[in-house]
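To start, the structure under review is shown below, and the notes come after it.
In the working numbering, the protein residues as written are 72 to 169.
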């Protein structure tokens, strides 16, 4: 009986870790100096979205989003539902879903 409880607790602890790892591994590496051009889903201008991690976290919550661009000069986090091109832009960092 004690073994069953131990195994159940280990499973409960491991499941969130596995789901977190799979969520972050769904993205390609961040590309600095590239912007995304495509169908815009949302543009966030709040200061809380002005890091790659926060912008990605917002994008991950939206199943239709396939990419995002963080433009530090404009102070925007833009999410996209489709990608047309990826022009170079020195102040931008972008990431695509794998």
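Glycine included, every Cβ here is placed at the ideal spot set by N, Cα and C.
Using a Cβ-Cβ cut-off of 7 Å (strictly less than) and excluding sequence neighbours within five positions of residue 91, which residues of its own chain qualify?
-> Its pLDDT being 45, under 50, residue 91 is placed unreliably in this model, and the value from its coordinates should be taken loosely. Taken in chain order, the list of residues that qualify is empty.
For the candidate residues 134, 157, 110 and 115, whose alpha-carbon lies nearest to that of residue 146?
-> 115
Report yes if the CB atom of residue 111 is closer than 9 Å to the CB atom of residue 165, and no otherwise.
-> no
Please state whether DSSP places residue 155 in a helix, a strand or coil.
-> strand
Indicate whether residue 152 and residue 140 have their beta-carbon atoms separated by less than 9 Å.
-> no
Where does the unbroken alpha helix (DSSP H) through residue 129 begin, and where does it stop?
-> 123–131
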